[in-house]
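In terms of the numbering used here, the sequence shown opens at residue 1 and continues consecutively. Where a beta carbon is used, it is the ideal one built from N, C-alpha and C, also for glycine. None of the values given here were measured: they were computed from a predicted structure. This report concerns only the one structure given below.
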Amino acid sequence: MIAVYSKVRSSLWTLVTMFFMVFLALPAVAQTEDPSISLPTDEDPLNDTFQAPVIVDGNELFVLRGSSALPAIERVAQVQERIVEVAAKSKSKAVEITFEETDLGIKIIADGTEISIVTQADADLDQMDVSVLAALQGDAIRDAILTYRSERTDEARVTGAIEAGLWTVGFALFSALIIWLRRRFKLGINAIVRRNFAEVETATNAQVQADAIAALIRFGVNFILFVLFFLGAYYYLSFILLAFAETRYVAQILLVYVTEPVLNIVLGFVAYLPNLITLLIIGLLTQYVIKGMRVFFDAVEAGTFRLRDFEKHWINPTFNIARTVVIMIALVFSFPYIPGSDSAAFQGLTILIGAMLSLGSNSVVGNVIAGLFVIYRRSTSLGDRIQVGEHVGDVVQIKLMETHLKSIKNELISIPNAQLLNSEVINYTKKIDGSGLLLHTTVGIGYEEPPEKVEAMLIEAAHRTKDLKARPAPFVLWAALADYAINYQINAYTTRGASIPRIKSDLHRNIMAVFTENDVQIMTPSYIADPPEAKIPPGEWNGKLAHMDDT
């Protein structure tokens, strides 16, 4: 009850504030001392020297023509003041309208008070005889005076008060309904969201938050309820003012300010329905075509359809490209049916956005185009171990903008596709022929050692290394005749490109073991003279290495 009371109190304060603001604006809106009289404003298309309407209590009676000596606005003000003056000084239910011909035209007199003179210029404006126009204006003045008097009687004021009371009761019920709907929607939305998203939230380890989704839905519902409450309060205020003659003109202005835009929106929506139906048809056809392409590419991925020389990792990129093309074609067809597409402002905005994108997305477009080349040029595939510059890793994902590598240290490396396209890429997985990759390493051995012995030891180390092929057989090349040693290069084939770091490490360990077993010293980078004793590890270490080789 406390919560309901606070909400009702807040609504009443809002209503009081709106009343206060409107009544403060009454003098500015009416623009006269009597609210029953209204003058043309600067926005009135008839507000000029030549013609202006006579308005009493918000009702337009007729139009008067002005002149340079007496502008239309001043003439209309005089007529309106005289009509109100005659109507206010008597409560009679009859008005005596008489006519008198003068040199200027036909004078209209109400209850002995001159109201207006119908001139030939007025008759020319309405394209009728002066006497006929005077009679018509006289009838309009009589009706305006009688209406003014009838709406200010005690009975009319009691009727207006009753009407205002009924509107107040209706608005109170409407406000209570809005508050009740807000509470019911809040509880209902929370229950529905928690029920529908409970399994999803548990399965995804709280990745989907039901409370956040419920908050978004509640925000949308509360916004709609707020709009309804605002419109209800606005129209309630307008109808309250409409119940009394003194404020009726203000009420009519308020109704025009909101009703006219709302009607324009509704009528515009109704007029837009054919274009909206066309857009819906284009959207449904586009969605249907995309679903059909998805089914086709799923069949290709499953092997149901076979496309010659079409690699499996091309399926998703090709589908995304085809989907983008279909959506762009749909947008081209939809553009003429978008609201405001034919306006200069809309066209200027699209040109501005296009210029901004073209000037600020050169690198993005370059990476996208490079990504297409990377995807379709067959040099790199998912799962390949490649080297790009200093980075070595397995290809885990190829996107339009970048390629992701998983390094041998289990690091995720993101390489822009433009760099991948413009750099030398070493692929350790692709097979050039059936022999495999040729793994090699270089050691420096002194000139005093027989070359045949060194070559045999290096080949033996290669044979001891796991994952190096025996066929084709390993071989040794003389890489260089250096200052203090001969650089021997051992070469051996392997088909395990993803295991090159481990294989090379095992090869180095086996080379060290074989050379130690045969008392052969591997030269250091800088050599001056032979030491008193050879630089060979002690026998205890050799025994451990041999034991490791056996295991």
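Output needed for L125: all residues of its chain with C-beta closer than 8 Å, excluding positions within five of it in sequence on either side, in chain order.
Position 125 of the sequence shown, counted from the first residue, corresponds to residue 125. Contacts found: Q51, V63, R65.
Which same chain residues, not among the five before or five after T441, have their C-beta less than 8 Å away from its C-beta?
Within the sequence shown, numbered from 1, the residue matching residue 441 stands at position 441. Same-chain partners within the cutoff: Q489, I490, K504, L507, H508, I511.
What's the C-alpha gap between D154 and A215?
On the sequence shown, residue 154 is found 154 positions in, with the first residue counted as 1. On the sequence shown, residue 215 is found 215 positions in, with the first residue counted as 1. If you take the alpha carbons of D154 and A215, they lie about 53 Å apart.
Return the first residue and the last residue of the alpha helix (DSSP H) that T442 is part of.
To locate residue 442, count along the sequence shown from 1; it is residue 442. Counting along the chain, T442 falls outside any alpha helix (DSSP H), though it belongs to the beta strand (DSSP E) covering 437-445.
Between which residues of its own chain and L439 is the CB-CB distance below 8 Å, once the five residues before and five after are set aside?
In the sequence shown, the residue the question calls residue 439 occupies position 439. Only L468, N491, A492, Y493, T494, I500, I503, K504, L507 meet the Cβ criterion.
Does the pairing of the region 341-353 with the region 276-283 give three or more beta-carbon distances under 8 Å?
Contact fails: fewer than three Cβ-Cβ distances are below 8 Å.
Let me know if A470 comes out buried or exposed under the rule of 16 or more other beta-carbons within 10 Å of its beta-carbon.
Residue numbering aside, residue 470 sits at position 470 when the sequence shown is read from its first letter. By the 10 Å Cβ count, A470 comes out exposed.
Should the region 126-134 be regarded as contacting the region 94-113, the criterion being three or more beta carbon pairs within less than 8 Å?
Yes, since at least three Cβ pairs between the region 126-134 and the region 94-113 fall closer than 8 Å, the two stretches touch.
Using 8 Å as the cut-off, can you tell me whether the region 52-61 makes contact with the region 244-257, which would need three or more C-beta pairs spanning the two stretches below that distance?
Short answer: they touch.
Where does L181 sit, in a helix, a strand or coil, going by DSSP?
Here residue 181 corresponds to residue number 181 of the sequence shown, with the count starting at 1. It is helical.
In angstroms with no decimal places, state the Cα-to-Cα distance between I461 and V476.
Here the question's residue 461 lines up with position 461 in the sequence shown. Here the question's residue 476 lines up with position 476 in the sequence shown. For the record, residue 461 in the displayed sequence is Ala; it is not Ile. Computed Cα separation, rounded: 12 Å.
Residues in the same chain with beta-carbon distance under 6 Å from V76, minus the five sequence neighbours each way, listed in chain order, please.
Locating residue 76 in the sequence shown gives position 76, where the first residue counts as 1. Hits under 6 Å: A52, V54, L64.
Which residues in the same chain as K399 place their Cβ atom closer than 7 Å to its Cβ, once the five residues preceding and following it in sequence are excluded?
Position 399 of the sequence shown, counted from the first residue, corresponds to residue 399. Here the set comprises G371.
Using 8 Å as the cut-off, can you tell me whether the region 249-266 makes contact with the region 223-240, which would need three or more C-beta pairs spanning the two stretches below that distance?
Because the criterion of three Cβ pairs below 8 Å is met, the region 249-266 and the region 223-240 touch.
Excluding sequence positions up to five away, which residues of its chain have a Cβ less than 6 Å from the Cβ of R152?
For the purposes of this step, residue 152 is identified with residue 152 of the sequence shown, where counting begins at 1. Correct list, in chain order: A245.
Our contact map puts I189 next to V221 with C-beta atoms below 8 Å; I'd like the distance itself, whole angstroms only.
Here residue 189 corresponds to residue number 189 of the sequence shown, with the count starting at 1. Here residue 221 corresponds to residue number 221 of the sequence shown, with the count starting at 1. 7 Å between Cβ atoms; contact.
On the DSSP bridge assignment, give the partners of N264 in chain order.
Walking along the sequence shown from the start, residue 264 turns up at place 264. Paired residue(s): none; N264 is not in a bridge.
Put D309 into one of helix, strand or coil per three-state DSSP.
Walking along the sequence shown from the start, residue 309 turns up at place 309. In this structure, D309 counts as coil in the three-state DSSP scheme.
For P386, which of G446, A161, F305, E424 has the nearest alpha-carbon?
By 1-based counting over the sequence shown, the position of residue 386 is 386. The sequence shown places Ile at residue 386, rather than the Pro named in the question. Of G446, A161, F305, E424, the residue nearest in Cα terms is E424.
Does the CB of Y488 have a neighbour CB from chain C at under 8 Å?
In summary, chain C is missing from the structure at hand, where a single protein chain is found.
Once you ignore the five residues that flank E85 on each side, which residues in its own chain have a CB closer than 8 Å to its CB?
The sequence position of residue 85 within the sequence shown is 85, counting from 1. Result list for E85: T113, in chain order.
From what residue to what residue does the alpha helix (DSSP H) around Q80 run?
Reading the sequence shown from its first residue, position 80 is the one you call residue 80. Run containing Q80: 72-88, per the alpha helix (DSSP H) assignment.
Nearest CA to the CA of G268: which residue from G303, I338, Q252?
Residue numbering aside, residue 268 sits at position 268 when the sequence shown is read from its first letter. Answer by Cα proximity: I338.
Are V396 and I415 closer than 8 Å when you measure CB to CB?
For this step, residue 396 is matched to residue 396 along the sequence shown. For this step, residue 415 is matched to residue 415 along the sequence shown. No, the Cβ-Cβ distance between V396 and I415 is not below 8 Å.
Per DSSP, which residues does I522 bridge with? Please list them.
Position 522 of the sequence shown, counted from the first residue, corresponds to residue 522. Paired residue(s): I445.
Please report how far the alpha carbon of A110 lies from the alpha carbon of V130, in whole angstroms.
Taking the sequence shown and counting its residues from 1, the one referred to as residue 110 is at position 110. Taking the sequence shown and counting its residues from 1, the one referred to as residue 130 is at position 130. Cα-Cα distance, rounded: 18 Å.
By Cβ distance, which residues of its chain are closer than 7 Å to A121, with the 5 residues on each side in sequence left out?
Stepping through the sequence shown from its first residue, residue 121 is reached at position 121. Answer for A121: R65, listed in chain order.
Pick out whichever of Q252, A172, D211 has its Cα sitting closest to the Cα of F229.
Looking up residue 229 in the sequence shown gives position 229. Measuring from the Cα of F229, the nearest candidate turns out to be A172.
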